[in-house]
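Reviewing the structure listed below.
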DNA sequence: CCGGGGGTCATACCCCGGTATCACCCCGGC
DNA sequence: GCCGGGGTGATACCGGGGTATGACCCCCGG
């Protein structure tokens, strides 16, 4: 089964070069190319490639926006290609945006041709691949990050399921009445639960409870 | 300038195989090998290699602990090699620990020999490299993460400096009295500020204010 | 010069939130 | 059977938090 690829780059030379390189592989078909993001997205919709090679900087619509549209398609569009981002030289902040958008890889154009070919195969297989410098940055960034909140703060274990539930609703900003309604309880019962939560966690009021919920990872910013 | 490498793995066959493979490269010298983590660390201290190939699972001291010791050496030890982790097959949670410890790469042993050699060179050059499946997971993990909240939520701009200051103290869990004391104000003034904050942000009470502070990135979990 | 926004504070009021105490039910384990 | 923990709830109290209104000061820009 051959890998269907399209190339999106504003430089004709680059398109021609990559196309020649990839088309020479028995397992790779270049099924089209486009000169900017908008055309790229459109082409992808028609040609339904397995992999889209996407330059970052382009006129009309840049590679990031195009990638986002391909990877988070509007309702009705079922096709969802893998996206391999390419950049000419500098490893800038685009990387993060691209990865967040769901790109499967990020390569520098000055990488050896063999790497590009290998990358296409890797990406088509559902795996991911990054340029070494990008990998380094990503790892550094990852390591710097606090540690993925395996926290579930020890103290949180002291709470009963119900109490945890109430705590979470507090952390969502609900009033006692609202919590009572949500859980089908008397307001007083909610108060009782809250009282116990505050006592167990040595908190003064619901505001501190909200803080605790965030700090412990019970709830997380941005959903 | 040749790359000095040591190999740490409990299987003699693996050590021999990798050593032969790498030693055949003109730019790579295998300057030693060890059968467990403890010996590996000791050897590294003596042989000061550029790159340490480290198996994850080993008796005595596993690769993760050994990597941590190499990458975060006790005072007095200046040498700090790059560490390239290897695992036999499964991509388990060790990956994250290894990366957090500061490893420069993570490869599967079933990777093509050429990849291993390339990886050693990449790592020696100060870059990083991961097995595609690891890369995929890392990206997925990265993308899942809230997004570095450079938000400073637009609405937050509507707040005056003083109001923002008060909001932050609320988000730290202080009471009105405490805030007044901290800012050398009358409690009533604090109330006034809070009232305006709540109004401007359409919040009901300080609990919701805390939520807003976290969601907007004004304050962040884990300091 | 004057208007207005930011910052400060007082008085007054109300109610939600938090505390205390007690009580009932259900269930699982000793 | 009894005990204890989890869950539920009522009554009662009070104090902090939030609201409303009005006032004064400072400073800056039109």
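Chains as they are written, first to last, in UniProt numbering: chain E, 1 to 223; chain U, 1 to 223. For each residue, glycine too, the CB sits at the ideal point set by N, CA and C. Here the structure is a predicted model, which means the values were calculated and not measured.
| Asked | Found |
| --- | --- |
| Neighbour-count burial assignment, residue 10 of chain U, 16 or more Cβ in a 10 Å radius | buried |
| Own chain, CB closer than 8 Å to residue 15 of chain E, minus 5 neighbours either side, in chain order | 7, 9, 33, 35 |
| Residue from U/97, U/181, U/72 with nearest C-alpha to residue 143 of chain E | U/97 |
| For residue 215 of chain E and residue 150 of chain E, the rounded distance between their alpha carbons | In this prediction, residue 150 of chain E scores a pLDDT of 49, lower than 50, which makes its location untrustworthy; no coordinate-derived value is stated. |
| Start and end residues, beta strand (DSSP E) containing residue 32 of chain U | 28-34 |
| Extent of the continuous alpha helix (DSSP H) run through residue 40 of chain U | 37-47 |
| Residue 51 of chain U in three-state terms, based on DSSP | strand |
| Near-chain E residues of the region 112-136 of chain U (beta-carbon distance less than 8 Å), N- to C-terminal order | 122, 125, 126, 127, 128, 129, 130, 132, 133, 135, 136 |
| Touching by the beta-carbon criterion (3+ pairs, under 8 Å), the region 131-142 of chain U and the region 118-127 of chain E | yes |
| Per-residue contacts from residue 280 of chain E into chain U (C-beta, under 7 Å) | Because chain E spans 1 through 223 in this model, residue 280 of chain E falls outside it and cannot be assessed. |
| Range covered by the beta strand (DSSP E) that runs through residue 83 of chain E | 82-87 |
| Inter-residue Cα distance where the pair is residue 203 of chain U and residue 196 of chain U | 10 Å |
| Within 8 Å, strictly: CB atoms of residue 307 of chain E and residue 30 of chain U | Residue 307 of chain E is absent from the model: chain E starts at 1 and stops at 223. |
| Closer than 8 Å to chain U by CB, residue 100 of chain E | yes |
| Contact set between residue 210 of chain U and chain E, taken where Cβ atoms lie within less than 7 Å | 207, 210, 211 |
| Minimum C-alpha distance to residue 137 of chain E - residue among U/120, U/100, U/109 | U/100 |
| Neighbour list for residue 179 of chain E in chain U, Cβ cutoff strictly below 9 Å | Under the 9 Å cutoff, chain U gives no residues; its nearest Cβ is about 11 Å from residue 179 of chain E. |
| Proximity of residue 79 of chain U and residue 38 of chain U at Cβ, strictly below 8 Å | no |
| 8 Å Cβ cutoff, residue 173 of chain E in contact with chain U | yes |
| Opposing strand residues paired with residue 105 of chain U [DSSP bridges] | U/84, U/129 |
| Residue nearest to residue 106 of chain E in terms of C-alpha spacing, selected from E/112, E/171, E/123, E/84 | E/84 |
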